[in-house]
Structures are given as C-alpha cells and as structure tokens.
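Everything below concerns the one structure shown next.
Numbering (the numbering used here), first residue to last: 47 to 218.
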C-alpha cells in the first residue's frame with residue numbers, strides 16, 4: 047500500500063510562493079481601492095460643467111446648483127450640499143459672491159469664482175482627509191469660443207493627483 051500526499055518541502059514551497067504573491071499584490075490592491083473610491087469625483091464634476099454650460103447658453107448667466115438643475119451624488123443635504131461615503135460635495139457658487147437669486151449674468155463674472163467642490167471624508171492612500179477637488183467658473187470670451195471658462199484643480203499634496211489624473215482637464 048502506497049501513501050499519497052504532499053511532502054513537507056512541497057507544502058513549504060507553496061506557502062513561500064503565496065507569501066511572495068501576497069506581498070506584491072496587497073499594496074497594489076489598496077492603491078486600486080483608493081483610486082476606485084476617488085473615481086466618483088470626475089463624473090460628478092463633469093455633470094456640473096455640462097449643466098452650467100447648458101444654463102449659460104439658455105439664460106446667459108451662471109447659476110448655483112438649484113438654478114442649473116444639478117444634484118450632487120449621494121444623499122442630498124439641503125440645496126447646496128450632498129455627500130457619499132467618501133466625499134462631501136458643496137455648491138460654492140453662492141450669494142457671498144454677489145449672486146442674486148442663485149444666478150448672475152456671465153459678463154459680471156470676470157474673476158474666477160468657486161463653483162463646485164468635493165472634500166474627501168477619509169484618507170485615500172497618500173491623499174489626506176479634507177483634500178479638496180474644486181472647479182472655478184468665470185465668464186468666457188469670444189477669443190476662446192466659450193461663454194464660460196472653467197478651471198478644475200486637484201488638491202495640493204502628494205498622491206491626490208494620481209487618484210484623479212484627468213480631473214484638471216474637466217471643462218477644457
């Protein structure tokens with residue numbers, strides 16, 4: 047009668063190989079998890095830009111979230127905020143900027159005005175808690191072919207721009 051099974055050396059080799067694979071894969075996995083959490087920012091900002099463009103074309107003005115029909119991702123908190131498990135979104139285009147009844151004529155917005163922001167509620171790899179992705183708006187000019195100019199900015203600091211590498215191209 048012949049006994050079958052693995053030898054101790056064969057089992058040790060398998061355990062060593064699994065350890066090496068885990069050491070390589072786990073850091074990569076955590077990086078991908080953080081990137082997937084941050085991936086909601088780009089589409090949310092893109093939707094804001096498209097709705098702001100449509101409102102500008104129709105009304106000749108820039109508007110707050112309520113005026114342009116934007117609803118931030120996740121749970122709505124009043125008319126100017128929403129939140130998800132990872133981000134707090136906020137309408138920064140408000141009366142403090144001299145806006146009446148939620149909108150202002152495009153020609154009156156000559157300086158970049160904060161319009162949209164997303165703040166991280168949790169650390170995402172090397173990107174710190176409360177890191178802020180932001181979009182500013184201002185009236186455009188005929189020379190650039192757009193009635194509205196946008197500037198999207200990643201949070202300053204290490205690691206944030208790697209999570210959303212194309213964010214700064216939104217609105218261009």
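Built from N, CA and C at the ideal position, the CB exists for glycine as well.
Linking residue 166 to residue 65 through their CA atoms gives a straight-line distance of about 33 Å.
When only Cα atoms are considered, residue 55 and residue 214 end up about 54 Å apart. If you draw a 10 Å sphere on the C-beta of residue 51, you find fewer than 16 other C-beta atoms in it, and that means exposed. In the structure shown, residue 195 adopts extended strand secondary structure according to DSSP, grouped into three states.
Between the C-alpha atoms of residue 98 and residue 107 there is a straight-line separation of about 9 Å. Between residue 161 and residue 183, the C-beta gap is smaller than 8 Å, which places the two residues in contact.
For residue 76, the three-state secondary structure derived from DSSP is helix. When 198, 175 and 103 are compared, the shortest CA-CA separation from residue 192 is found for 103. By the beta-carbon neighbour count (other beta carbons within 10 angstroms, threshold 16), residue 114 is buried.
Note that the C-beta distance between residue 150 and residue 181 is not below 8 Å. Taken in chain order, the whole alpha helix (DSSP H) runs of length 4 or more contained in the stretch 79-139 are 87-105 and 111-114. Counting only residues of its own chain and dropping the five nearest sequence neighbours on each side, residue 110 has a CB closer than 6 Å to the CB of 137, 139 and 148. Residue 78 has its alpha-carbon roughly 13 Å from the corresponding atom of residue 206.
With respect to residue 173, residue 211 sits apart: the two C-beta atoms are not nearer than 8 Å. For residue 208, the uninterrupted alpha helix (DSSP H) run begins and ends at 206-209, by DSSP. Cβ-Cβ separation between residue 152 and residue 185: approximately 4 Å, consistent with a contact (criterion under 8 Å).
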